[in-house]
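**Student:** Take 1 as the starting number for the sequence shown in the numbering used here and just add one per residue. We put the CB at the ideal spot given by N, CA and C, even for glycine.
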Amino acid sequence: MQELRSTEILDKEIEADARRKAEAILKKADEECVQIMESVKTKLDFSKKEKEDFYSAKLAAVEKDITASIPLEKQRFKVSFVQQRLMQAVNKYLEELPVQKRLELVTKHFDFNSCSGKKLDAYVYGFEKSEVQAFLDKKIAAVKDASIASYNSTSFGKIVVEDELGLEKNEGIILESKDKAFRARMTMTEVFSRLLDKYRAELAQALLGGAE
Numbered sequence: 001m002q003e004l005r006s007t008e009i010l011d012k013e014i015e016a017d018a019r020r021k022a023e024a025i026l027k028k029a030d031e032e033c034v035q036i037m038e039s040v041k042t043k044l045d046f047s048k049k050e051k052e053d054f055y056s057a058k059l060a061a062v063e064k065d066i067t068a069s070i071p072l073e074k075q076r077f078k079v080s081f082v083q084q085r086l087m088q089a090v091n092k093y094l095e096e097l098p099v100q101k102r103l104e105l106v107t108k109h110f111d112f113n114s115c116s117g118k119k120l121d122a123y124v125y126g127f128e129k130s131e132v133q134a135f136l137d138k139k140i141a142a143v144k145d146a147s148i149a150s151y152n153s154t155s156f157g158k159i160v161v162e163d164e165l166g167l168e169k170n171e172g173i174i175l176e177s178k179d180k181a182f183r184a185r186m187t188m189t190e191v192f193s194r195l196l197d198k199y200r201a202e203l204a205q206a207l208l209g210g211a212e
């Protein structure tokens with residue numbers, strides 16, 4: 001009987017000890033879970049703040065770029081608008097100008113005396129060859145030992161590289177010596193590029209009331 005009681009007491013002690021150990025393990029597990037969750041929360045909070053800071057910086061940079069670009073875009077628009085209006089005026093002017101006047105305009109800055117002693121070929125675009133021939137033959141006749149052997153049709157930018165200015169009709173004459181050592185370009189693009197560069201401010205003032 002004494003042995004049975006001893007066994008019961010021992011069993012209870014073992015059970016109590018096991019319960020204490022289990023409770024200790026569970027408590028430790030709970031503490032570890034809390035630590036893990038706190039760590040995860042801290043990392044999440046840090047990551048969230050890091051992303052917020054990153055995107056805030058990005059947004060600030062974009063806003064700064066937009067703010068800085070507004071005056072530049074405004075200026076570009078104004079320049080483009082002025083150029084468009086100027087070319088509209090130029091094209092209207094040329095449309096109403098007779099052929100003879102356009103030929104005089106395109107050759108305005110050319111010194112025909114530079115053709116002295118040369119046999120030339122003429123390349124024409126925009127104008128009729130017959131119109132150019134009648135005009136140039138008179139000019140060349142006044143130059144010593146100069147002659148034009150042929151008149152040839154060509155196209156804008158084919159003989160010499162030219163920038164597109166925005167003319168509705170490109171017109172030009174190119175004179176070239178037989179040995180290719182001499183070449184003279186007389187084009188409407190060249191004439192108006194020079195004029196626009198020199199008088200752009202005044203033209204803009206007249207056309208747009210000061211928008212330059």
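Measuring only the C-alpha atoms, how far is residue 148 from residue 81?
**Tutor:** Approximately 42 angstroms between the Cα atoms of the pair.
**Student:** How long is the line joining the alpha carbons of residue 110 and residue 170, rounded to whole angstroms?
**Tutor:** Distance between the alpha carbons of residue 110 and residue 170: 18 angstroms.
**Student:** On a Cα-Cα basis, can you pick out the residue from 120, 156, 166, 193 that is closest to residue 182?
**Tutor:** Comparing Cα-Cα distances from residue 182 to each of 120, 156, 166, 193, the minimum goes to 120.
**Student:** With H, G and I counted as helix, E and B as strand and the rest as coil, what does DSSP make of residue 119?
**Tutor:** In this structure, residue 119 counts as strand in the three-state DSSP scheme.
**Student:** Just the Cα atoms here: how many angstroms apart are residue 124 and residue 100?
**Tutor:** Cα-Cα distance, rounded: 15 angstroms.
**Student:** Taking the alpha-carbon positions, what's the residue 172 to residue 145 distance?
**Tutor:** So the two alpha carbons sit approximately 24 angstroms from each other.
**Student:** Which partner residues does residue 193 have in the DSSP bridge list?
**Tutor:** None, per the DSSP bridge assignment.
**Student:** Among 57, 91, 61, which one has its Cα closest to the Cα of residue 166?
**Tutor:** When each option's Cα is compared against that of residue 166, the closest is 91.
**Student:** DSSP on residue 184, reduced to helix/strand/coil?
**Tutor:** Residue 184 falls in the strand class under three-state DSSP.
**Student:** For residue 161, does the count of other Cβ atoms within 10 angstroms reach 16, so buried, or fall short, so exposed?
**Tutor:** Its Cβ having fewer than 16 others within 10 Å, residue 161 is exposed.
**Student:** At the level of alpha carbons, what is the spacing between residue 116 and residue 141?
**Tutor:** Distance between the alpha carbons of residue 116 and residue 141 is about 10 angstroms.
**Student:** So, using beta-carbon positions, are residue 191 and residue 106 closer together than 8 angstroms?
**Tutor:** Contact: yes.
**Student:** Distance, Cα to Cα, residue 138 vs residue 202?
**Tutor:** Residue 138 and residue 202: Cα-Cα distance of roughly 36 angstroms.
**Student:** I'd like the list of long-range same chain contacts for residue 168, defined as Cβ closer than 7 angstroms, with 5 residues on each side in sequence excluded.
**Tutor:** The residues are 91.
**Student:** On a CA-only basis, which of 157, 143, 163, 134 is nearest residue 150? Give me that one, please.
**Tutor:** Comparing Cα positions, the closest option is 134.
**Student:** Cα-Cα, which of 85, 89, 126, 57 is closest to residue 187?
**Tutor:** When each option's Cα is compared against that of residue 187, the closest is 126.
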